[in-house]
Structure formats: C-alpha cells, structure tokens
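J.: Counting from 69, one number per residue, gives the positions in the sequence shown under the working numbering.
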Amino acid sequence: MRRRVILSILVTGLSGIIAEVLLLRELLITFYGNELSIGIILANWLILEAIGAFFLGRRIERLSWKIEAFVLLTIIFSLSFPAAIYIARTIKGIIGVIPGEGLGLVPIMSLSFLILSAVSISHGALFTFGCKIYSLYPTPKGVSEKGGHAASIGKVYIYETLGTTAGGIGLTFLLIPYFNSLEISFAVSLLNVLLCVYLLMPLWRKAPIFAARALTVASVIFLFLISFMLLSGQVEKIHRLSIKNQWKGQKVIYYRNSIYGNVAVTQRGEQYTFFADGVPIINIPVPDITFVEEFVHIPMLSHPDPRNILVISGGVGGVINEILKYPSVKRVDYAELDPLILETVERYTTPSTKAELSDPRVNVERIDGRFFVKTTPDKYDLVLVGLSNPSDLQVNRFFTREFFVLAKNKLNKEGMLVINLPGSLTYLDKELRDLNACIINTLKAAYPYVRIIPGDNNLFLASASPEAISVTYLILADRFKERNLKVSLITPAYIEYKLSPDWLNWFMKSLEGATRKINLDFLPIGVFYSVSFWNAVFAPYMQKAFRVFEAVSLWPVFISLSFFTVIFLSLIRKTSRLARFSIPLCVTTTGFAGMIFNLALIFAFQVLYGYVFLWIGFLITILMFGISIGGWVMTLFLGRIKRAAIPFIETELSITLFSAALPSVFYLLRPYLDHPAALLPQIIFLALSFFSGFLIGLQFPLANKMYLDLDMRPKGPDLGGTAGLLYGSDLVGGWIGGIVGGIILLPVLGLAGACLVAAMFKVCSVIIFAKSIYG
C-alpha cells in the first residue's frame, strides 16, 4: 500500500505543474498577458493552494476515511482541470466581452481566481492529505512517533517535488509541442482517475460500500468515460467548440501551441490576422498601412544609400515588402524567435508574403533578434525593431541601454537604429509620457544623436552620425521622387506634415516633468512603465497605486521591516507563543525568497539568453529538483537531530547570504556569461538554480519537526494541521513574492534591489525566530 501512496503523491506533483502551466498559458491568451497578469494569475494559484492545504487539509485528522477523502479530492481535481481550460477560453463570451477587448486589473484578478479555484484548492489539499495517509503506512523498521511525523511531511514534500520536476520536463518536451491543452488535461485526468482505482483496490473488502466501493465504481465510470472521449475524438470536438466560442464573430482557421506561446489565425474574407498569445501581430494581405509605411520609408529615406537592412520581429506581412521596393537594397536579414509564426504565415501565404519571403535578397533567421545582433559579423545601414512596447521582460531586452549599444556596434558609419512606441497627437498622460521619456533617455545614453517623430506611433531614429538624423523633409521628398517609390500613403506633403517642427515642439513640451530614469537589462523600469500604461487604459482606478509603486526604494522597505520586527517582538513576549508564530513566519519568508530567486534567475537568463526559451523550463525544473534533494538530505538526518533550532537558524542565514550574494554573482560573472555559445555560463545558471532550491528544500523538514515538537496534545501531534499550516505558509510567501517581485521589485528596484529585499525579509524572520528560542 505504501508504494501506491508514493505513486499517487508523485502523480499529484506531476499533475499540479501541468495544470498550473497550461491554465497560466490559457489565461494569458484570454487576458493578453503581460507581467502584471502573469503575477496575478500565479499569485491566485498559490493563494488558492494555500487555502486548500490549510483549511481543507487540516480537517483530515477528524476523518476516519482518509484514503477515500484523498481519492475524492483527486476526482474533483481531475474533473475541474479540463473544465477550467474550457472556461478560461470562453469566459469573455460568458461575461459579454468581445474578442480583442482588454480587461482591467480587478476583472483579471477576480475571473482568474474563480477559474482556478476548484483545481488549485483541491490540489493544495492533496498535499496535506498525502502527508497523513503516507504516515499511516510506515516502513517495516518503524520510526519514532514525532520523528516519523516530521519525516512523513518531508518525504511527501520530496515526492511531490520530484513529480513536479518530471511534469515540467514532460510538458515542455513531450506534450505542448504535439497536443492541445484540452487533450493534455483529459490525459492527466485519465492518469489520476486510474490511480484512484489503483489506490482503492486494497480497501475494497475492508471499507463500507458507500465509501471505498462507491468511489471505486465512480472512478471506473470516469475512467471509461474519459478514455472514450479521448479515443473517439470528442475531446477534439470540445477543443474546436471552445476555440469557436473564444473567438466569437471570427472564423478561426488555425490554433496551435508552441514552446514559445500560442499562435492563432482568423479569417475575414480574404484578410488573415495572426495572433501570438491573443495579441494581433500580422495582418495580410492588407497590413496596417500607416504604421508600415511610416516605420519603413521615413528611416529608409533618411539614409543616403540603404543596402544592408536588419529587421527584428514583425517583418513579414508588409515591412519587408516595403523595404524591397528600394533598388539599392542588397540584403535583408530578418530575425523571428518563434518558428511557428513563420511556418503559419507560409501555410496561409498570400502573393505579397510569398514574394517577400522568397526574394533572394531576404535571409530569414529563426532565432532571437538580440542573439543574432550579438553574434552576427555583419554591419547594417538600418536596424529596425518591429516590437512596439516593452510589455514584458522578453520584449524589454530590445529597449535597454545594453541592447542599444550592441546595435550601435553593428551599424555602418551613417547607420540608424529604428524603434517605435505608443504615442498620441492629442494628449500624453503621465503613463505615456513616462514610457516614452524612459526610452528616449535610454537612447540618448547610447547614441549621441536621436531623432523623434511624434505620431500615434512615435518613431525614433538613433545614430552615431549627425547627418543621418538631421536630414530635412526637402531632402527626404527629393529622395522619394528619385527612388520612384510606389506606396499608398507616403507623399512629399505627408513627409512635410510628419516632420513639422510644431509636432516635435509640442511633444517635447508634453514630456516636461516626465521621468529621467533609463531602462537597463538588470533594472527594467521600461516594463513597469509599459504595465502602468496598460493599466491606465484598462484599469484607470489603479493609477494612484502604480504611482506609489514607482516611488518604492530600499530605504523605506528597510525601515518598514525593522518597524514590523520591533512591533512583533513587543506584542508577543511569551516565548512559546512567539515560537509558534516564528516558524510559519520563517517558512513564509523562505517562500518569498524562493519566488524572488526563481524570478531573478529567469529574468537574468532572459536578458542574456532569450534565444533559448526552453532553458527557462530547465531552470524551473532544476530549482524544483534542488528543493527535492535538499528536503531528502535533511530528512535523512532528521531522526538524529536533537536540537533542530540550530540547523534551522543555519539554513535561515544561508538563504539570507545567498539572497545578498546572488546579484554580485551576476555582475561579477557578466563578462563571462555574455557568451551565448559557451557551455559554462549555462552550467552556472543551472548550478545557481539548483543551489537556491537546495537551500529552500533543507528548511521545510526542519520546520515541520520543530512545529510538531511544540504540539503537546494528549492524542499526539496534529500532522495534518502542521503540514497544512507550513505548506500554506510557503505558498503564501510565494504568492507575495510573485505579486511584489514581478510587478514592483524587479522592474522598479532591479535584480540587485529585489534580492536585497528578500535578504531583508530573511533577516527579520531569523531575528524573530532567534528571539523565540533564546529569549
């Protein structure tokens, strides 16, 4: 029976990570995901798991049918997982929101909370229930009661984390590239229901018919039903129905997930629109004429003889076609990260896209643009970045000072870097001012000459040559006539209108009082301003909150945490009560630090190696593996430890020192890490990820042992309550870290500031814990 329980716990971990990732992806498509919505969705998942682990999990001590309760929760999880996928896709239609319409902060938070509730709460409770039923089947040798309880929680933590590791690897490499989300969710449900039958079989003769036997019958019925739906093609029909309802009013002709995101294609007449994670990126055969022609022709006409051009993202479907109208062009390099986007365009090609991609002058590189700029030996007359907003950490890498300098080194003498940002010719609110001012400041930190062309999309031309960006509209008009361009919008009169000094004067006056900050790789304030701008559009009632977030700095955080520590110690003076509070507090701050480590490592890796998105999955997997190894090592020695407080303080101090040292590691090793072809930098990232997880894993078994030792109940310690409380505390800490770290600390304070805040949290918790132990 023990082996059956262990297998069930492993599958619980595997199923949890698959459900979390798939639901996150689906909700990001629905909510047009950025850093804000990612943080909200992950935070909701963690807080709901904490609710399940604590409020439901603690009730297991009162139940006589513990395994049956575990099975019932597994069935609830198995049925609610596919249902949540379906609802996530169709929720906008249910509440009357049309496709393409954004949602504010409060709707995103409330809707994701409701969609995730049944899946997350049941999964969180399964951990606590798993701890208890695992302790019911000890090893033949036996262990002491309290040591056995602590070891049970530690081992369940290890097994679930190992399952999570396996699930993360399997989902990334074996499932997402080949199956849709509903197929994967039904397959996971089938596996869970099959294990329910396997777990209940030994109890068939012992249990009353309304318990184990009833659940066995129900599990067998669900087993056959799910198998029939998978094998008969019913799941595929549900998938198509959900897509149809997700894109009401539009004809969806293609929908597929890749390792980079979701790609969908809709058709209206002869017009195709391509979406990446719910955001429109390409329109063919008729593109956004105004944007395409302004983005291409004003820079191309500003150069006396454009020959070699680099386009980073967004080139197909108009931009490359306009570039090829210039007879002087000898070569166009086009870098696009997700090969599925290009494959989809080639599948639904039009004469214009076929012509531009098959032109012998066009060289398509299915690779990250920043990596291509870093490694190419070629130099260019123009580098056009087709990304219009640093909306997330991945895109922000093309709007930082480091990238601007990198691109400058790849420009010819009169070469120019071209970028664009959201704008307005009527009014610039604070959020739009700060976003544009931040990127302008960053451009000026890398280039001596920057030309600003205001519009609904602001165009920026940056160069090391004053001639390149000081060309008058008369010269541009003459070049337009000389090159005999056949275009739809651009004319000499239109060029004069766009380059009018009045627009530039108005724009620069509108920027008065805007931010003076610059956007850096390891301090991505551009992401914060982009999220703030998005929030002002869809949730204007949160504008004041974002202005408070922008003002966050290290000193107020330090003072606030110091004040909290003093107040906490003064209010709770009784040592026993303080100990019962301090242990969950330490676990909470460790969960917070763990999330910061996770975000910081992924963040740094994206900045340096965004071209290998799969490695981000590796980093998470290795961190989870480190947690399991750390928990396993500590569990091995748990029975020999008499005073757990000493090693517990040592783990607290180790996590604190690691938090403070992590930024220094990145800054010291930056010259060596910035070589993407080398293997050593990637090994360093994996080692840091493993070590951070290892430190976190060491603490959880110790925390359970100490908390159980404080439980002096006549009937014995409350294992379910302890497991639920501490596991819930860990998840609450991760929830705080996801919200605060992803939305405020990393964008506003940067990598170093976020890690230092994590260190401050750990210092407070270790002081409170030491006070509770030593008085």
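Note that the Cβ used here is the ideal one computed from N, Cα and C, for glycine as well.
Note down the Cα distance separating Leu778 from Asn772, rounded to an integer number of angstroms.
T.: Taking the sequence shown and counting its residues from 1, one reaches residue 778 at position 710. Taking the sequence shown and counting its residues from 1, one reaches residue 772 at position 704. If you take the alpha carbons of Leu778 and Asn772, they lie about 10 angstroms apart.
J.: Would you kindly work out how many angstroms separate the C-alpha atoms of Ala728 and Arg72, rounded to a whole number?
T.: The residue given as residue 728 occupies position 660 in the sequence shown. The residue given as residue 72 occupies position 4 in the sequence shown. Cα to Cα, the separation comes out at about 42 angstroms.
J.: What does a CB cutoff of less than 7 angstroms around Ala582 pick up in its chain, not counting 5 residues either side in sequence?
T.: Translated into positions along the sequence shown, residue 582 becomes position 514. Contacts found: Arg501, Asp502 and Ala505.
J.: Tell me which residue opens and which closes the alpha helix (DSSP H) that Leu75 is part of.
T.: Along the sequence shown, read from residue 1 onward, the residue named residue 75 stands at position 7. Following the DSSP letters along the chain, one finds Leu75 inside the alpha helix (DSSP H) bounded by residues Arg70 to Phe99.
J.: Starting from Asn504, trace the alpha helix (DSSP H) both ways and give me its first and last residue.
T.: Locating residue 504 in the sequence shown gives position 436, where the first residue counts as 1. Lys498 to Ala514 is the extent of the alpha helix (DSSP H) around Asn504.
J.: Alpha carbon to alpha carbon, how far is Ile321 from Ile688?
T.: Translated into the one-based positions of the sequence shown, residue 321 becomes position 253. Translated into the one-based positions of the sequence shown, residue 688 becomes position 620. The alpha-carbon separation between Ile321 and Ile688 amounts to approximately 34 angstroms.
J.: Considering only DSSP beta bridges, list what Arg519 is partnered with.
T.: Stepping through the sequence shown from its first residue, residue 519 is reached at position 451. In the DSSP output, where bridge partners are listed per residue, Arg519 has Leu529.
J.: Would Ile690 pass as a contact of Ser760 if the rule is Cβ separation under 7 angstroms?
T.: Taking the sequence shown and counting its residues from 1, one reaches residue 690 at position 622. Taking the sequence shown and counting its residues from 1, one reaches residue 760 at position 692. Taking 7 angstroms as the Cβ cut-off, Ile690 and Ser760 do not qualify as a contacting pair.
J.: From Ile135 to Pro749, what does the alpha carbon distance come to, in whole angstroms?
T.: Here the question's residue 135 lines up with position 67 in the sequence shown. Here the question's residue 749 lines up with position 681 in the sequence shown. C-alpha separation (whole angstroms): 47 angstroms.
J.: Does the separation of the CB atoms of Lys393 and Leu553 fall below 7 angstroms?
T.: Sequence index remark: in the sequence shown, residue 393 carries index 325 (1-based). Sequence index remark: in the sequence shown, residue 553 carries index 485 (1-based). Yes, these two residues count as a Cβ contact at 7 angstroms.
J.: Going along the chain, which residues of its own chain have a beta-carbon closer than 8 angstroms to the beta-carbon of Leu474, five neighbours each way excluded?
T.: Residue 474 sits at position 406 when you count from the first residue of the sequence shown. Only Arg438, Val441 and Lys442 meet the Cβ criterion.
J.: Give me the Cα-Cα distance between Lys830 and Tyr735, rounded to the nearest whole angstrom.
T.: As a first step, residue 830 must be located in the sequence shown, where it is residue number 762. As a first step, residue 735 must be located in the sequence shown, where it is residue number 667. Approximately 22 angstroms between the Cα atoms of the pair.
J.: Could I get the ranges of all uninterrupted alpha helix (DSSP H) runs contained in the stretch 122–183, with 4 residues as the minimum, in chain order?
T.: 134–163
J.: Can you tell me the Cα-Cα spacing of Leu140 and Ala286, whole angstroms?
T.: Position 72 of the sequence shown, counted from the first residue, corresponds to residue 140. Position 218 of the sequence shown, counted from the first residue, corresponds to residue 286. Spanning the two alpha carbons is a distance of roughly 10 angstroms.
J.: Among Ile106, Phe649 and Ser396, whose alpha-carbon lies nearest the alpha-carbon of Gly806?
T.: Residue 806 sits at position 738 when you count from the first residue of the sequence shown. Ranking the options by Cα distance to Gly806, first place goes to Ile106.
J.: Between Leu817 and Val655, how many whole angstroms is the CB-CB distance? I'm expecting something under 8 angstroms.
T.: By one-based count along the sequence shown, residue 817 stands at place 749. By one-based count along the sequence shown, residue 655 stands at place 587. Actually they do not touch by this definition, with Cβ atoms about 24 angstroms apart.
J.: Can you name the residues that DSSP bridges to Gln870?
T.: Absent from the model: residue 870. The displayed extent of the chain is 69 to 843, so no value can be given.
J.: Could you pull out every residue in the same chain whose Cβ sits closer than 6 angstroms to the Cβ of Val800, ignoring the five residues on either side in sequence?
T.: By 1-based counting over the sequence shown, the position of residue 800 is 732. Once the five neighbours on either side are set aside, the close Cβ partners of Val800 are Ala118 and Thr656.
J.: Please state the DSSP three-state secondary structure of Gly329.
T.: By one-based count along the sequence shown, residue 329 stands at place 261. Coil, per DSSP.
J.: Tell me whether Pro407 sits in a helix, a strand or coil according to DSSP, three-state version.
T.: Here residue 407 refers to the residue found at position 339 when the sequence shown is read from its first residue. Helix, per DSSP.
J.: Tell me whether Ser840 is buried or exposed, calling it buried when 16 or more other Cβ atoms sit within 10 Å of its Cβ.
T.: Position 772 of the sequence shown, counting from 1, holds the residue named residue 840. Ser840 is buried by the Cβ-count criterion.
J.: Among the residues of its own chain, which have a CB less than 8 angstroms from the CB of Leu131, if the five just before and after it don't count?
T.: By one-based count along the sequence shown, residue 131 stands at place 63. Taken in chain order, the residues that qualify are Ala137.
J.: Suppose you measure from the CA of Val333 to the CA of Tyr340; what does that come to, to the nearest Å?
T.: In the sequence shown, the residue the question calls residue 333 occupies position 265. In the sequence shown, the residue the question calls residue 340 occupies position 272. Their Cα atoms are separated by approximately 7 angstroms.
J.: Distance, Cα to Cα, Leu259 vs Arg399?
T.: Against the sequence shown, residue 259 aligns to sequence position 191. Against the sequence shown, residue 399 aligns to sequence position 331. The straight-line gap from Cα to Cα measures roughly 53 angstroms.
J.: Please classify Lys223: is it buried, with 16 or more other beta-carbons within 10 angstroms of its beta-carbon, or exposed?
T.: The count along the sequence shown starts at 1 and reaches residue 223 at position 155. When all chains shown are included, Lys223 counts as buried.
J.: With distance defined between alpha-carbon atoms, name the residue in Phe123, Leu91 and Ile97 nearest to Ala111.
T.: For this step, residue 111 is matched to residue 43 along the sequence shown. Put simply, of Phe123, Leu91 and Ile97 the residue whose alpha carbon is nearest the alpha carbon of Ala111 is Leu91.
J.: Take the Cβ of Asn526 as the centre, count every other Cβ of all protein chains shown within 10 Å, and call the residue buried at 16 or more, exposed below.
T.: Position 458 of the sequence shown, counting from 1, holds the residue named residue 526. The residue in question, Asn526, is buried, as its Cβ has 16 or more Cβ neighbours within 10 Å.
J.: Are the Cβ atoms of Ile237 and Leu243 separated by less than 7 angstroms?
T.: Numbered from its first residue, the sequence shown carries residue 237 at position 169. Numbered from its first residue, the sequence shown carries residue 243 at position 175. No, the Cβ-Cβ distance between Ile237 and Leu243 is not below 7 angstroms.
J.: Taking the beta strand (DSSP E) that Leu485 falls in, what are its first and last residues?
T.: Mapped onto the sequence shown, residue 485 falls at position 417. Counting along the chain, the beta strand (DSSP E) containing Leu485 begins and ends at Leu479 to Pro490.
J.: Count the other CB atoms, across all protein chains shown, that sit within 10 Å of the CB of Ile85; report buried if there are 16 or more and exposed otherwise.
T.: Translated into positions along the sequence shown, residue 85 becomes position 17. Counting Cβ neighbours within 10 Å, Ile85 comes out buried, since at least 16 surround it.
J.: Rounded to whole angstroms, what's the CA-CA distance from Val261 to Ile183? Just pull it up for me.
T.: Residue numbering aside, residue 261 sits at position 193 when the sequence shown is read from its first letter. Residue numbering aside, residue 183 sits at position 115 when the sequence shown is read from its first letter. Distance between the alpha carbons of Val261 and Ile183: 21 angstroms.
J.: Could you give the C-beta distance for Lys476 and Ala532, rounded to a whole number, given that I count them as a contact under 8 angstroms?
T.: As a working mapping, residue 476 is identified with position 408 in the sequence shown. As a working mapping, residue 532 is identified with position 464 in the sequence shown. Their Cβ separation, rounded to whole angstroms, is 6 angstroms, which keeps Lys476 and Ala532 in contact under 8 angstroms.
J.: Using the rule of at least 16 other Cβ atoms within 10 Å of the residue's Cβ for burial, across every protein chain shown, is Glu390 buried or exposed?
T.: One-based indexing of the sequence shown puts residue 390 at position 322. Residue environment for Glu390: buried (at least 16 other C-beta atoms within 10 angstroms of its C-beta).
J.: Tell me, to the nearest whole angstrom, how far the beta carbon of Phe472 is from that of Pro458; I am working on the premise that it is less than 8 angstroms.
T.: Reading the sequence shown from its first residue, position 404 is the one you call residue 472. Reading the sequence shown from its first residue, position 390 is the one you call residue 458. Not confirmed; about 12 angstroms, so no contact.
J.: Of the choices Ile537, Lys498, Thr510 and Ile507, whose alpha-carbon is the least far from that of Tyr517?
T.: As a position in the sequence shown, residue 517 is number 449, starting the count at 1. Nearest of Ile537, Lys498, Thr510 and Ile507 to Tyr517, Cα basis: Ile537.
J.: Would Pro395 be called buried (16 or more neighbouring beta carbons within 10 Å of its own) or exposed?
T.: Start at 1 with the first residue of the sequence shown, and residue 395 comes out as number 327. With fewer than 16 Cβ atoms within 10 Å of its Cβ, Pro395 is classed as exposed.
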